[in-house]
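Working notes for the structure below.
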Amino acid sequence: MNHRRRRIYEGKAKILYEGPEPGTLVQHFKDDTTAFNNEKHEIIEGKGVINNRISEFIFTKLNEIGIPTHFLRRLNMREQLIREVEIIPVEVVVRNVAAGSIAKRLGLEEGTPLPRSIVEFYYKSDELGDPIVSEEHITAFNWAAPQEIDDMMALSLRVNDFMTGLFAGIGIRLVDFKIEFGRHYEGEMMRVVLADEISPDSCRLWDIKTADKLDKDRFRQSLGGLMEAYQEVARRLGILAESDPGDRSRPVLVKSDR
Ligand SMILES: Nc1ncnc2c1ncn2[C@@H]1O[C@H](COP(=O)(O)OP(=O)(O)O)[C@@H](O)[C@H]1O
Ligand SMILES: [Mg+2]
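Numbering (the numbering used here) for the sequence shown: 512 to 769.
In C-alpha cells form, the structure reads like this:
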C-alpha cells in the first residue's frame with residue numbers, strides 16, 4: 512500500500528498507521544498470534560485477513576444498532592479505517608460462562624453458566640500482565656471517570672446482548688469477550704466509543720452442539736486448527752473472504768486429535 516505513511520503504533524496483533532484525514536487511523540491486522548502476555552508467539556498465515564473481516568462485520572452491525580464505535584470502513588484485506596481515539600487503559604471483559612481466569616480464580620468448572628453476565632475490568636499493562644482491578648482503582652488512579660465507567664459498563668452489556676444473539680443464531684455460544692474503549696473528541700464534546708477489535712482472538716466461542724472451541728484458546732491450549740476454526744466462524748457469519756480458496760463443501764473444522 513502506501514509505504515510513506517507514518518506508523519503510529521505496533522502492537523502484538525495489529526499496526527496503527529496515520530490515516531488519510533486528521534482524526535483517522537488505519538488499523539492493520541497482522542498474522543501474529545500471541546498468548547500468555549507474549550510468552551507464546553506464532554505467525555498463523557491468514558489470521559489477520561479473517562480477523563479484519565470478522566471485526567468489520569461485528570462493528571458494522573454495532574454501528575447500525577446505535578452503539579458508537581471507532582469503525583469507519585474496511586480498506587483492503589488487512590486494513591480498516593478507524594477514528595483515532597484516546598484509549599482508556601482498561602480492558603473490559605464480559606463473561607456469560609466460566610472459562611479462563613475466572614474459572615481458575617473462583618474455582619469454577621469451565622463451562623459452568625454464570626448466574627448472570629459479569630463485567631470485569633483489567634488494567635491495560637503488558638508489563639504487569641493486565642491485572643484485574645475494581646472501579647475503585649480505576650477512579651483513584653484516574654484511568655477513567657465514574658461516568659466513563661458507567662458508559663463502558665452499559666455499552667459492554669449492550670454489546671454482549673447483541674453478540675449473544677448473533678452467535679446463538681449460528682450455533683455458537685458466546686462464553687466471554689474482551690473489549691476496549693476510547694475517548695472520541697468532537698470539538699467541545701467527548702464521548703466514549705468502542706475501539707480496537709472484536710474477533711475470535713478476543714472472544715471465547717464454543718460450538719453449541721459439539722462444544723468445539725472456535726477461538727484463540729485453540730492456540731493457547733495447542734489444540735491446532737486455529738485457522739479452520741476462525742474460517743468456520745466467518746463462514747457461519749456469511750463473510751468468508753472472496754480471496755479465500757473457499758471450498759465450502761469441505762468440512763473446515765478439523766477436530767484436534769489430541
Ligand atoms: N481507534 C483507536 N485509536 C487509537 N488507538 C487504538 C484504537 N483502536 C485500538 N487502539 C489501540 O491500538 C492497539 C492495537 O494493536 P494491538 O496489536 O492489539 O496492541 P496490543 O499489543 O497493545 O494489544 C491497542 O493497543 C489498542 O488499544
Ligand atoms: Mg490488543
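Glycine included, C-beta positions come from ideal geometry on N, C-alpha and C.
Worksheet item: Between P762 and the rest of its own chain, which residues show a CB-CB distance below 6 Å, the 5 nearest in sequence each way excluded?
Response: Within the sequence shown, the letter at position 251 stands for residue 762. In this predicted model, P762 has a pLDDT of only 48, less than 50, meaning its place in the structure is not dependable enough to derive any value.
Worksheet item: Since W717 sits in a beta bridge, which residues does DSSP pair it with?
Response: Translated into the one-based positions of the sequence shown, residue 717 becomes position 206. According to DSSP, which records beta bridges pairwise, W717 is partnered with R684 and K724.
Fill in: Inter-residue spacing [alpha-carbon to alpha-carbon] between I519 and T545
As a working mapping, residue 519 is identified with position 8 in the sequence shown. As a working mapping, residue 545 is identified with position 34 in the sequence shown. Take the alpha-carbon of I519 and the one of T545: they are about 21 Å apart.
Item to complete: Please state whether DSSP places N653 in a helix, a strand or coil.
Response: If you number the sequence shown from 1, residue 653 lands on position 142. Residue state, collapsed to three classes: coil.
Worksheet entry | 8 Å Cβ shell around T650 - same chain, five flanking residues per side excluded | For the purposes of this step, residue 650 is taken as the residue at position 139 of the sequence shown. Cβ neighbours of T650 beyond the five flanking positions: A656, P657 and I660.
Practice prompt. State the Cα-Cα distance for the pair E550 and K727, rounded to the nearest angstrom.
Written response: By one-based count along the sequence shown, residue 550 stands at place 39. By one-based count along the sequence shown, residue 727 stands at place 216. About 15 Å.
Item to complete: Could you tell me whether any non-hydrogen atom of ligand 2 is closer than 7 Å to the CB of K523?
Response: Counting from one through the sequence shown, the residue named residue 523 turns up at place 12. Result yes, Cβ under 7 Å from ligand 2.
Item to complete: Hey, could you find the ends of the beta strand (DSSP E) Q538 is sitting in?
Response: Along the sequence shown, one-based indexing puts residue 538 at 27. It spans T535 to F540 - the beta strand (DSSP E) in which Q538 sits, taken as one unbroken run.
Practice prompt. To the nearest angstrom, report how far apart T675 and Y696 are at their CA atoms.
Written response: The residue labelled residue 675 in the question sits at position 164 within the sequence shown. The residue labelled residue 696 in the question sits at position 185 within the sequence shown. Approximately 30 Å, taken between the alpha carbons.
Worksheet entry | Straight-line Cα distance separating G618 from E579 | Taking the sequence shown and counting its residues from 1, the one referred to as residue 579 is at position 68. Taking the sequence shown and counting its residues from 1, the one referred to as residue 618 is at position 107. Note on residue identity: the sequence assigns Pro, not Glu, to residue 579. Going by the C-alpha atoms only, they are around 36 Å apart.
Worksheet item: Going by C-alpha distance, which of L725, R515 and L668 is nearest R627?
Response: On the sequence shown, position 116 is the one that residue 627 refers to. Answer by Cα proximity: L668.
Worksheet entry | When K689, A524, L527 and Q742 are compared against S612, the one with the closest alpha-carbon | Working through the sequence shown from its first residue, we reach residue 612 at position 101. Comparing Cα positions, the closest option is K689.
Discussion item. Could you tell me which whole alpha helix (DSSP H) segments of length 4 or greater appear in the region 590–670?
Written reply: Listed in chain order, the complete alpha helix (DSSP H) runs (minimum 4 residues) inside the region 590–670 are 611–617 and 646–651.
Practice prompt. Could you check what DSSP says for D672 in three-state terms: helix, strand or coil?
Written response: Numbered from its first residue, the sequence shown carries residue 672 at position 161. It is helical.
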